[in-house]
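Participant: Those sequence lines, one after another, are chains A, B, C and D. In this text, residue positions in the first sequence follow the UniProt record's numbering: the first is 1, and each later residue adds one. In this text, residue positions in the second sequence follow the UniProt record's numbering: the first is 1, and each later residue adds one. In this text, residue positions in the third sequence follow the UniProt record's numbering: the first is 1, and each later residue adds one. In this text, residue positions in the fourth sequence follow the UniProt record's numbering: the first is 1, and each later residue adds one.
There are 4 protein chains.
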Amino acid sequence: MMVSWVLFPRVLSPANWTCVVEKVKLVTNRYFSRTSAVSVDLSGIFPPIPTPFNEDESIAFDKLASNFQHWEKVPFQGYVVQGSNGEYPLLTTQERVGMVSQVRHLIPSDKLLIAGSACESTRGTIELSNKMAAAGANAVLVVNPSYFKNSMTARALVRHYETVADRSSVPVIIYNMPANTGIDLTADLISQLAPHPNIIGLKDSGGDIAKIARVVSLTRHHKFQVLAGSTGFLLPSLLVGCVGGINGLANILGDEVCTIYNLFTKSKLQEAVELHLRLVTPNATVTRELGVPAMKEAMDMMGLYGGPCRQPLQPLTDSDRQLVRDAFSRNGFLPKC
Amino acid sequence: MMVSWVLFPRVLSPANWTCVVEKVKLVTNRYFSRTSAVSVDLSGIFPPIPTPFNEDESIAFDKLASNFQHWEKVPFQGYVVQGSNGEYPLLTTQERVGMVSQVRHLIPSDKLLIAGSACESTRGTIELSNKMAAAGANAVLVVNPSYFKNSMTARALVRHYETVADRSSVPVIIYNMPANTGIDLTADLISQLAPHPNIIGLKDSGGDIAKIARVVSLTRHHKFQVLAGSTGFLLPSLLVGCVGGINGLANILGDEVCTIYNLFTKSKLQEAVELHLRLVTPNATVTRELGVPAMKEAMDMMGLYGGPCRQPLQPLTDSDRQLVRDAFSRNGFLPKC
Amino acid sequence: MMVSWVLFPRVLSPANWTCVVEKVKLVTNRYFSRTSAVSVDLSGIFPPIPTPFNEDESIAFDKLASNFQHWEKVPFQGYVVQGSNGEYPLLTTQERVGMVSQVRHLIPSDKLLIAGSACESTRGTIELSNKMAAAGANAVLVVNPSYFKNSMTARALVRHYETVADRSSVPVIIYNMPANTGIDLTADLISQLAPHPNIIGLKDSGGDIAKIARVVSLTRHHKFQVLAGSTGFLLPSLLVGCVGGINGLANILGDEVCTIYNLFTKSKLQEAVELHLRLVTPNATVTRELGVPAMKEAMDMMGLYGGPCRQPLQPLTDSDRQLVRDAFSRNGFLPKC
Amino acid sequence: MMVSWVLFPRVLSPANWTCVVEKVKLVTNRYFSRTSAVSVDLSGIFPPIPTPFNEDESIAFDKLASNFQHWEKVPFQGYVVQGSNGEYPLLTTQERVGMVSQVRHLIPSDKLLIAGSACESTRGTIELSNKMAAAGANAVLVVNPSYFKNSMTARALVRHYETVADRSSVPVIIYNMPANTGIDLTADLISQLAPHPNIIGLKDSGGDIAKIARVVSLTRHHKFQVLAGSTGFLLPSLLVGCVGGINGLANILGDEVCTIYNLFTKSKLQEAVELHLRLVTPNATVTRELGVPAMKEAMDMMGLYGGPCRQPLQPLTDSDRQLVRDAFSRNGFLPKC
């Protein structure tokens, strides 16, 4: 595939990071912006925030604002809007963009905002990426298409990501989420994409720490930033060279997840491990095991607004609710009843 | 879950089948229509038509019309628009509805038109089902949500289908497509849904013929119509009690697929088997093995308009194109080169 | 791979079938016998008999004999010893051969006896095949090696089967059992093996009826006999060209399974389908769903000797036992309690 | 399940570790020995040695001896015989025990020797464990049975391991190897087994680092020792609390793998990470990707004896051989050609 890199963001001299995105539409139909790839520093912790709903399944923007009053006290590097925890497949395109706009207004202008812009089609992903950029996203998080599983060869996926990155006005972060997509992007495939100037990193939620290390090893000459997609493997991922994490548990226990990161950067590994071992079970409960409904339930338990999910996601059963409570209380994050 | 069946379509006395859908919004917020469940007869063959694209990926409505000039000579029972072969996940909602409208105008008013209306969210599926009904669909084909795989318990899926069926103005056909969704709806789950008055059948594309027979066995007292989702198991499915098929190969070899059906209904099984054995390899090539791009390639070879797919689906490689040609020519459906 | 077929059984003029196996060791270290490939007629039904155990897990040979008093009244074409239902992986090599000897003495000399001789190693499989042939087996049933999954490429599996078939003194039947092995032998792979003069057929327990038809289609010029590996798809498999079945349910409802076969051969398809639809649920219960312990439980319910399994297979729980009873009684094969 | 712990090894006062195993057969038919559970210290690196074969597939005991001349210069904590790399499923029971005897004579009497004793049956595993103990094994490594996948419920697996541990004269190490068995032992299941006095640890080859941390967290009060089953995740596993590793790569690059361990114990993490990142690609090549044939090929390249595998394992193709060479040479472990 021929891709002309000539006009690409990286060759421009980007000013320092700025949240004022000035887009320019080129004759070639490519967008770029001052939010250049090199200036998006993913080092740190990002919560992939859930979309709060009212009982009638409409978006509860007031609850979103109250949650941010809590989150803004936590030393996050930024936020992810419309990741899997945002129930993005259950929202309309308009709602997805609307959530980005809303969050952009709720957070400081220098805080990074990453938006999940994936659609099944390449053209849809490009269009949504640019809409989200216009709404204030500094980078987009793109999970791979997965419906036509047998057709999602390495060739098709490389082509997809390159085309999206060519046309997106903000940098692209690859999002590998095999538990939901049924496809696990390989280290080889990711390392083919790493040299692209508008692809700046990977969120890996598969948790195969050997693969994560291989990706780090294969891409370390490309300013490619790898993020742990779950608190379950955040600390080991930092050890092997990841720069941060996008961690659902950070919605609930943001200080603790940031503490893992900070202890690591200060080389206080023993303390970090002790905390890690207390987090793995609560984390598993609200991610792999019981998913978004449990995440929201735990937020409710912690005094944040979780609220209901959109259907087909169901409220937890009573016994599952107890599992969530136990996972947090046994590890000292909730009082024991 | 409490569902009041009292006002449901089946208890009305539906007039004969008519494509003029007159919707009435009930106080309960449920829709129903004259297109009642009992009048949708799925006996026969339905091609799940592909969406034709121009080179710039816009929909090629002129090519759609020319394809129908061919298809309308084949004794199909009706058509499926926006099934998997329609690349539905790669279209916008507006395009999905637009395709239904367009096809409704290209076919006789008494020809059945089934539309794929699935979204990941329950509310999205309901809304799209009713839009498609308004655009002329006589029934909707609903593949299960699959992104949040771990949360798609039997409880969640039953609730989803029941809610959609409660609110859809036209009957619902369940669509099981494990190769794409990663979820295989069980015979037990399907038999729980079969009594619902607005759920009229199942398209099963998994091909587990033992399960198909179990579904037939468990639902035979419910006017539940089971359809084979591929020519690869059409004939065996008819044998065990399926009433017809939604078969991608029918786009290409419509007469042959209808012949299988007709030979079966006339108890000419030996002839049917001979034809079946010639169809299984071409069928596998354009479905499981190489997917929609191969389906379109074969249509081009046969003088229909296949054309390109939308990205991320890729054009066939030369060697795959040869595989398609061989699969058809070796079985006598294309001249040998 | 170079294989010299010159000395192979098929080129000999085999006498009529005889159970007296006269082996000749050739200079090339290949064995052959009068039990030539062409004389083993697999048309009909074979129960894959379970190995009966006493409470201390020793083999209960007396119970085996009493079961055969029942089975010998059923019009089986022959028996399979040490298939999956025989719990073969839980027996020693000596016990596996011992069971073959024992069964050979319990059945008429002209009744076909097929023995499961697979080991993970090629050399082990060859050795056991020849021991079982010496003990009276007329053919061997060889499930593919599966422990080193990633190494079981088509190349490795073709080589394995060809080597076993080259050296086995009796004909080889390929056994595809993906639910247990995690590997599904493809139609292409099987069609590569079909021309081998000492490979006479396939038992397919995967139940992918489209693939079964493809195998029939691709191998029909090779006197290759395909057998349905479960009653769940016996009738559809016969329709598409299988010659018979090796069906666990035949241990319990032998007459009914043979009736399916006989009705099919007499073209009484409607009756066959009615019976088929009554058998699919009991069959699923004692095979895929609850496995060998349920098979043995159902045998006990029917007055045969099922008895305990060897560990790690566990006795059914009370609720599972009830499931088994219900599956049979609801379909009229046990009195309702 | 009733298990009487009264006579169990842990209640004895074990002497210091000794390789002289004095077995006592109790009236209850249970064995125990001075090699008590508490005295087997798994801290460190163990290579799971391959079984060397001659061209005719017989065991090459002379080559085994020459390999040990190399290995004995490496600071291993001990050796594993008849793990997956030992091709144990391709050996006879006699050969498996023979390898243990042989290795026992080739290594110092105070060096730990762990033997893979798993069979599909519980009774077979018990018998083989005790034979291997008699031949000099200090502990046994037991992969779970996996042929009857659907029957391998948590209940069955817990029962299996408890029964084996009750009857084994030496301590048991659980071996989780999902890539080969198709079954992934859960953290919950493992934590149920951890309190058993004769179950001393886990080798986890799945590489799910979140699960490994959960196992550590759930079992830390039970003197339960967790080992990383691959170099791909050795360092992260040590970080989260594993005590060592059983690592195929240690056969080839033993010093490097031991250096990872030593740097970790000395808290020189940065150096350890640098080495880790150089090892992950060679490791993947000789384990997950190309398996035992590649492991042996790399041993040949390094001047050890790798030699051929037993069939059905195939020699590498030329291109795969080049992949192996590249993986080692690009990371500085072989001269570049």
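For every residue, glycine included, the Cβ atom is placed at its ideal position computed from N, Cα and C.
Can you give me, in chain order, the residues of the stretch 41-75 of chain C that have a beta carbon less than 8 angstroms from any beta carbon in chain D?
Facilitator: Those residues of the stretch 41-75 of chain C that come within reach of chain D (Cβ to Cβ, closer than 8 angstroms) are GLU57.
Participant: Going by the DSSP bridge assignment, what does B:ALA228 pair with across the sheet?
Facilitator: Beta-bridge pairing links B:ALA228 to B:ASP204, B:GLY245.
Participant: State the Cα-Cα distance for the pair B:CYS119 and A:ILE200, rounded to the nearest angstrom.
Facilitator: C-alpha separation (whole angstroms): 31 angstroms.
Participant: Cutting at 7 angstroms between CB atoms, please list the residues of its own chain near B:ILE246, excluding the five before and the five after it.
Facilitator: Cβ within range, chain order: PHE46, PRO48, VAL80, GLY83, LYS203, LEU227, GLY229.
Participant: Between C:THR51 and A:VAL273, what straight-line distance do the alpha-carbon atoms span, to the nearest angstrom?
Facilitator: So the alpha carbons of these two residues sit roughly 51 angstroms apart.
Participant: For B:ASN138, tell me which candidate among B:GLY78, B:PRO89, B:THR181, B:GLU127 has the shortest Cα-Cα distance.
Facilitator: The option with the nearest alpha carbon to B:ASN138 is B:GLY78.
Participant: Are the C-beta atoms of B:VAL21 and some chain A residue less than 8 angstroms apart?
Facilitator: Residue placement at B:VAL21 is flagged as unreliable, the pLDDT there being 30, under the threshold of 50; the coordinate-derived value follows with that caveat. For B:VAL21, the answer is no, since every Cβ of chain A falls outside 8 angstroms of its Cβ.
Participant: Excluding the five sequence neighbours on either side, which residues of its own chain have a C-beta within less than 7 angstroms of the C-beta of D:PRO236, listed in chain order?
Facilitator: Around D:PRO236: ILE209.
Participant: Taking buried to mean at least 16 other C-beta atoms within 10 Å of its own C-beta, is C:GLY332 buried or exposed?
Facilitator: Label assigned to C:GLY332: exposed.
Participant: Could you tell me whether any Cβ in chain B is nearer than 8 angstroms to the Cβ of C:VAL240?
Facilitator: True, the Cβ-Cβ gap to chain B drops below 8 angstroms.
Participant: For A:HIS276, count the other beta carbons within 10 Å of its own beta carbon; 16 or more makes it buried, fewer makes it exposed. Which is it?
Facilitator: Classification of A:HIS276: buried, given that the 10 Å Cβ count is 16 or more.
Participant: Buried or exposed for B:THR153, going by 16 or more other Cβ atoms inside 10 Å?
Facilitator: Looking at its Cβ environment, which holds fewer than 16 other Cβ atoms inside 10 Å, B:THR153 is exposed.
Participant: Using a Cβ cut-off of 9 angstroms, pull out every chain A residue sitting near D:LEU269, in sequence order please.
Facilitator: Residues of chain A passing the Cβ test: LEU239, SER267, LEU269.
Participant: State the start and end residues of the unbroken beta strand (DSSP E) segment that holds B:ILE173.
Facilitator: Segment 172-176, the beta strand (DSSP E) holding B:ILE173.
Participant: For a contact meaning CB atoms closer than 9 angstroms, what does B:GLY207 contact in chain A?
Facilitator: In chain order: nothing, as chain A lies at least about 14 angstroms away.
Participant: Taking only the alpha-carbon atoms, compute the straight-line gap between D:SER39 and C:ALA134 and give it to the nearest angstrom.
Facilitator: Cα to Cα, D:SER39 sits roughly 49 angstroms from C:ALA134.
Participant: I'd like the ranges of any beta strand (DSSP E) spanning at least 3 consecutive residues and lying wholly in the stretch 55-121 of chain B.
Facilitator: Runs of the beta strand (DSSP E) inside the stretch 55-121 of chain B: 78-81, 112-116.
Participant: Classify A:GLY124 as helix, strand or coil using the three-state DSSP reduction.
Facilitator: Three-state DSSP puts A:GLY124 in a helix.
Participant: Mark D:PHE61 as exposed unless 16 or more other C-beta atoms lie within 10 angstroms of its C-beta, in which case mark it buried.
Facilitator: Classification of D:PHE61: exposed, given that the 10 Å Cβ count is below 16.
Participant: CB B:ARG310 to CB A:ARG123, shorter than 8 angstroms?
Facilitator: A contact, by the Cβ cut-off of 8 angstroms.
Participant: Do you know whose CA, among D:SER146, D:LEU189, D:ASN150, lies nearest D:ASN180's CA?
Facilitator: Nearest of D:SER146, D:LEU189, D:ASN150 to D:ASN180, Cα basis: D:SER146.
Participant: Which runs of the alpha helix (DSSP H) at least 4 residues long sit entirely within the stretch 263-294 of chain D? Give them in chain order.
Facilitator: DSSP runs (the alpha helix (DSSP H)) wholly in the stretch 263-294 of chain D: 269-284.
Participant: With distances taken Cα to Cα, identify the nearest neighbour of B:PHE148 among A:VAL257, A:GLN94, A:VAL292.
Facilitator: The residue with the shortest Cα to Cα distance from B:PHE148 is A:VAL292.
Participant: Give the interface partners of C:GLY232 over in chain B, defined as CB-CB distance under 9 angstroms, in chain order.
Facilitator: Simply ASP208, ILE209, ALA210, LYS211, ALA213, ARG214.
Participant: Is D:ARG321 near D:GLU297, with beta carbons less than 8 angstroms apart?
Facilitator: Against a cut-off of 8 angstroms, the Cβ pair of D:GLU297 and D:ARG321 comes out as a contact.
Participant: So with Cβ pairs under 8 angstroms, would you call A:THR281 a contact of chain B?
Facilitator: Chain B, which has no Cβ nearer than 8 angstroms to the Cβ of A:THR281, makes this no.
Participant: Would you identify the three-state DSSP class for D:GLY254, choosing helix, strand or coil?
Facilitator: Residue state, collapsed to three classes: helix.
Participant: With a threshold of 8 angstroms between beta-carbons, can B:ALA294 be considered close to chain C, or not?
Facilitator: Closer than 8 angstroms: no.
Participant: What residue from D:GLN225, D:HIS221, D:MET99 has the CA that sits closest to D:PHE53's CA?
Facilitator: D:PHE53 has its Cα closest to that of D:MET99, out of D:GLN225, D:HIS221, D:MET99.
Participant: Show which residues of chain B have a CB atom less than 7 angstroms away from the CB atom of A:THR122.
Facilitator: The contacting residues are GLN311, PRO312.
Participant: If you follow the beta strand (DSSP E) that D:ALA135 is part of, which residue opens it and which one closes it?
Facilitator: Element bounds for D:ALA135: n/a, residue is neither H nor E.
Participant: Comparing alpha-carbon positions, which option in C:ASP326, C:PRO171, C:ALA65, C:LEU128 lies nearest C:ASN95?
Facilitator: First, the residue type needs correcting, since residue 95 of chain C is Glu and not Asn in the sequence shown. Among C:ASP326, C:PRO171, C:ALA65, C:LEU128, the Cα nearest to that of C:GLU95 is on C:LEU128.
Participant: Nearest by alpha-carbon distance to D:SER267: which of D:LEU238, D:LEU279, D:ILE252, D:LEU64 is it?
Facilitator: It is D:LEU238.
Participant: Do A:VAL74 and A:GLY254 have their C-beta atoms closer together than 8 angstroms?
Facilitator: In this structure, A:GLY254 lies closer than 8 angstroms to A:VAL74 by Cβ.
Participant: Looking at the unbroken alpha helix (DSSP H) that takes in B:ILE45, where does it start and where does it end?
Facilitator: Note, B:ILE45: premise wrong, no alpha helix (DSSP H); beta strand (DSSP E) at 44-46.
Participant: Checking contacts by CB at 8 angstroms: is A:LEU277 closer than that to chain D?
Facilitator: A:LEU277 counts as touching chain D.
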